[in-house]
Amino acid sequence: MRYLSHSDADRREMLASIGVSSIDELFADIPAAVADRFRPLGLSGRSEQEVVSTLAGLAARNRAAEAVCFAGGGVYDHYAPSLVDHILLRSEFFTAYTPYQPEVSQGTLTTMFEFQTMVCELTGMDVANASLYDGATAVAEAALMADRLMRRGRIAVAGSLFPNVRRVLDTYCWASGLGVVELPHDPSGVCDLSGVPEDVSAVILQSPNAFGVIEPLDGVKERIGDALLVVSAHPISLGVLAAPGGFGADIVVGEGQPLGLPMAYGGPLLGLFASKGEYLRQIPGRVSGRTVDADGNVGYTMAAQTREQHIRRERATSNICTNSALCALAATVYLATVGATGLRRVAELCVEKAHYLADRIAALDGFELPFSGAFFNEFVVRVPGDANALHRRLLGAGFLVDSPDVLRVHGVEDALRIAVTEKRSREELDGFVDHLGGGG
Amino acid sequence: MRTIFDYPSHERSDDLFPKSDVPTSGLDRLIDDGLLRTDRPRIPDLSEPTVVRHYTALSKLNYGVEDGFYPLGSCTMKYNPKVNETIARHPGLAHLHPLADAELVQGTLAFLHHLSELLGGIAGLPGVSLQPVAGAHGELTGMFLFKKHFEVRGETERRRILLPDSAHGTNPASAAVAGFSVTQVPSDDEGLIDLQSLMRELDGTVAGVMLTVPNTLGLFERNILAVTEMVHAAGGLCYFDGANLNSFLGRARPGDMGADVFHFNLHKTLSTPHGGGGPGAGPIAVSEPLVDYLPVPRIERDGDRYALDWDGPGSIGSVHSFYGNVLVAVRAYAYLLQLGDEGLRAVAEDAVLNANYLQSRLKSTYLLPYDRLCKHEFVLSGADLAEGVSTLDVAKRLIDYGIHPPTIYFPLIVREALMIEPTETEGREALDRFADVMERIAAEARNEPELLREAPHRAPVRRLDQARAARNPVLRHPFDEPSS
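So the protein lines, in turn, are chains W and R.
So for the first sequence, this note's numbering puts the first residue at 1; every next one is plus one.
So for the second sequence, this note's numbering puts the first residue at 1001; every next one is plus one.
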């Protein structure tokens, strides 16, 4: 096999040098009762060429790859500048591991530091970690962290989180014995905070929420007492929307996929996590910090490690080891490439195109926008007739839209959610409207 | 070290994205003023060549598997096949929205289903979830399954997890994050779990044990069947950390040793890149009693059609936004298809051969506290090498010779530990050179100890002050400080 480097002669000489007569002797410590039960997979090896061809055949069965994408829910079809992937393919980055040895990991550590800075800039927060697995586990970790700080044993969460995020949050909260109180939305689609209990550790909002509606954060902190405010934000929206940090948010999280990552059928993704500086010791995950070397020159190293598993073990507040470093690098290079100006431009294009499409759809007979709250890139339309049938018809015409089921879990019936990015051309938007209105 | 924030921002024509082709009335008429951003994030606008040069320069300060020998113990830094990268970038696999209907992603569901079957076969266990995206995430998911199991059985007093003192640090951390308390069980003189101590701890408050096979000393738990039988007899469950799977591929299966949950590290054993710290993947395989508790959605097969099943009445729920790290899984799948049974066995054979060869070459120079044939890795001690020289100094001196240091100061049961895992992809020349360099460093330690204590001398930076980073954390660019 070409991934192995020995000749048979090498192997014989090495065995002799070890002082054993066969390879099997090296495995003699596996108990016979275990070895006897071993069964192979029944899988014969194949050449690289055959494997490439097999996978290309499977890829050809993925018709979703060709569809015009109006699907959303946290993962979006944004444009990634070519340069992003070229940097990711630098093997010094992608074949390295966690920077345990900082002197040979300044590339990873410096980009982690840049990433943390960029996340702070976008969210308006003091500190950020070097990434978590995805936006959903970031929300879950935020809930656990908030309860470590406040110790009230329950949290309040907007019912308008994406359902897949909520499912992960619920799993982590169940395991931690943390109660979850759900907050309803008002008719405009915004979270109704009037019923927030006094004894919760945190209130978790998502903005834009599962209806695409932007949560007005002004004054929220005052309305929730001393509970911590956790906001899950769409990072590209922060190119035009006010940063949650400015409204006193305590923890800001998000799904970083829009920042230069492929949709990847939902993984790998990128968990963003930032907080107020005073909570640093409770933040989960890796953090890169600036220091100096023996000559006094600036360098970077993993910092605040006393929270972590290799120092505190069973008292650790974080079990995060491998996380999403290369995805964080992609986001860093993406943001460095587009710059603040380009990020704003992408965000504006999303807003303009989404509103153009929403206006055109709202003008169609029988269609309406049920929520009056302001939206960014994603919105809900109530449709005449059977939403499932319309959804299927759109798929048939080559338009990918989320299933009506993603809204049914929120009690919103007869509706579709539509997401628009800078990639959608006017021709595609108009074609979509034609299919909605004219029946294709 | 220059960061991207040290470059002056400059005016740039915006040609990454097309001009808007829709009529618009302007942002402030579409979204209320109070919701809009008034400040500008301090991310510079730079030319593309500037950005490329900056990140290329940074990449050169890093050390990856393609740069040379990377014997980081327990991390299995094997070669990452190039074809993996090509496959994972196929638009038909990469450009897929996760909420697309199952009928539109049949190719991906097919390989995910097949990969699950193959992983179940390697583990010798009936249920698999691809959802966990890292080893520690697999551990956490496994702890959730334990919790569910005892909740369903009404044995909620089982809140303790036992683990050997040689365990990976993520094991106790994952158990703690999942709300269990942790009790350490000592190792015996041979470095294996001490059966008497284990027996004493096993009572009605124990949910289970977390084991690593072979353990972090690279030693196979000879008594593994006795251990798992004892735990099961006491009503507990057995978690197996799969970090060291590379050493028994094609020869043994965790399910046959009594594992109830086993996690894979696709980024270790199955050749997907480590990415500088992820994304990896940590799928789990589970025994029959735990199958119903696995995360949703699950991929179901009906003939040649595949579907996602979100109904799992007993399920713990979900641990990831969608279906795990699909593009990591596809790399592992491609690797498995290429290797087949024969290749898997050959991988373990060369991995174990390489470790034993290095161990035999180095044990006369460095202390080998547990002197036995090892599996895929072994642990030396840098203690007593020379007066005033530590394992940290040896590690930093290796950098001067162009070699990535091993894992150091772990496992905790060996003083001044150097944990060395060569992997199967290294040839004899690389192994011999490493052994030569290690011998030379041992001589330097005796004759010129300052060479080690001041190392590295030939790295992008000199030894970094980690204590300062901990004491006085600077975790983001200080924009207000004059540029360095």
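We put the beta carbon where it would ideally sit given N, CA and C, even for glycine.
Chain W contact for residue i (CB, 8 Å cutoff)
i, result
"residue 1246 (chain R)", "no"
"residue 1343 (chain R)", "yes"
"residue 1396 (chain R)", "yes"
"residue 1338 (chain R)", "yes"
"residue 1077 (chain R)", "yes"
"residue 1191 (chain R)", "no"
"residue 1405 (chain R)", "yes"
"residue 1012 (chain R)", "yes"
"residue 1476 (chain R)", "yes"
"residue 1366 (chain R)", "no"
"residue 1469 (chain R)", "yes"
"residue 1210 (chain R)", "no"
"residue 1386 (chain R)", "no"
Proximity of residue i and residue j at Cβ, strictly below 8 Å
i, j, result
"residue 1399 (chain R)", "residue 103 (chain W)", "yes"
"residue 1240 (chain R)", "residue 1262 (chain R)", "yes"
"residue 10 (chain W)", "residue 1428 (chain R)", "yes"
"residue 319 (chain W)", "residue 1291 (chain R)", "no"
"residue 1082 (chain R)", "residue 1425 (chain R)", "no"
"residue 120 (chain W)", "residue 128 (chain W)", "yes"
"residue 351 (chain W)", "residue 1027 (chain R)", "yes"
"residue 158 (chain W)", "residue 200 (chain W)", "no"
"residue 1 (chain W)", "residue 1351 (chain R)", "no"
"residue 1445 (chain R)", "residue 1389 (chain R)", "yes"
"residue 1278 (chain R)", "residue 109 (chain W)", "no"
"residue 1166 (chain R)", "residue 1215 (chain R)", "yes"
Same chain only: Cβ atoms within 8 Å of residue i, ignoring 5 sequence neighbours per side
i, result
"residue 1309 (chain R)", "1296, 1297, 1298, 1299 and 1300"
"residue 344 (chain W)", "239 and 240"
"residue 208 (chain W)", "214, 215, 234, 237, 375, 376, 377 and 378"
"residue 266 (chain W)", "75"
Cutoff 8 Å: residue i Cβ touching any chain R Cβ
i, result
"residue 338 (chain W)", "yes"
"residue 349 (chain W)", "yes"
"residue 118 (chain W)", "yes"
"residue 422 (chain W)", "yes"
"residue 38 (chain W)", "yes"
"residue 374 (chain W)", "yes"
"residue 346 (chain W)", "yes"
"residue 251 (chain W)", "no"
"residue 318 (chain W)", "yes"
"residue 321 (chain W)", "yes"
Proximal residues of chain B, C-beta to C-beta of residue i below 8 Å
i, result
"residue 106 (chain W)", "Here chain B cannot be found, since the structure's protein chains are W and R."
Cutoff 6 Å; reference residue i; Cβ partners in own chain excluding five residues on either side
i, result
"residue 1484 (chain R)", "Legend: pLDDT at residue 1484 (chain R) = 46, less than 50; position of this residue unreliable, value from coordinates given subsequently. Cβ neighbours of residue 1484 (chain R) beyond the five flanking positions: none."
"residue 246 (chain W)", "124"
"residue 259 (chain W)", "235, 331 and 334"
"residue 1209 (chain R)", "1162, 1231 and 1238"
"residue 420 (chain W)", "353, 354, 357 and 377"
"residue 1075 (chain R)", "none"
First and last residue of the uninterrupted alpha helix (DSSP H) at residue i
i, result
"residue 162 (chain W)", "Taken as a continuous stretch (DSSP letters only), residue 162 (chain W) belongs to no alpha helix (DSSP H), as it is neither H nor E."
"residue 431 (chain W)", "426 to 438"
"residue 17 (chain W)", "8 to 18"
"residue 356 (chain W)", "325 to 362"
Close Cβ partners of residue i (< 7 Å) along its chain, the five nearest in sequence each way excluded
i, result
"residue 348 (chain W)", "240"
"residue 423 (chain W)", "77, 78 and 79"
"residue 1160 (chain R)", "1180, 1181, 1183, 1205, 1206 and 1207"
"residue 1348 (chain R)", "1246, 1247, 1248, 1249, 1250 and 1251"
"residue 1201 (chain R)", "1162, 1183 and 1185"
Where the beta strand (DSSP E) containing residue i begins and where it ends
i, result
"residue 1239 (chain R)", "1237 to 1241"
"residue 1184 (chain R)", "1181 to 1185"
"residue 415 (chain W)", "415 to 419"
"residue 378 (chain W)", "378 to 382"
"residue 300 (chain W)", "298 to 302"
"residue 1308 (chain R)", "1305 to 1309"
Open item on the list: To test your reading of the DSSP string, which unbroken alpha helix (DSSP H) runs of 4 or more residues are found completely within the region 174 to 233 of chain W?
Closed with: 220 to 223
Task: Complete runs of the beta strand (DSSP E) confined to the region 1312 to 1394 of chain R [at least 3 residues] - done: 1378 to 1381
- [ ] Return the chain-ordered ranges of every alpha helix (DSSP H) run that is complete within the region 1118 to 1170 of chain R and spans a minimum of 4 residues.
- [x] 1135 to 1152
Open item on the list: In chain order, what are the residue ranges of uninterrupted alpha helix (DSSP H) at least 4 long that sit wholly in the region 74 to 120 of chain W?
Closed with: 82 to 88 and 91 to 94
Open item on the list: Just to confirm the assignment: which complete beta strand (DSSP E) runs, minimum length 3, are found wholly within the region 1435 to 1474 of chain R?
Closed with: none
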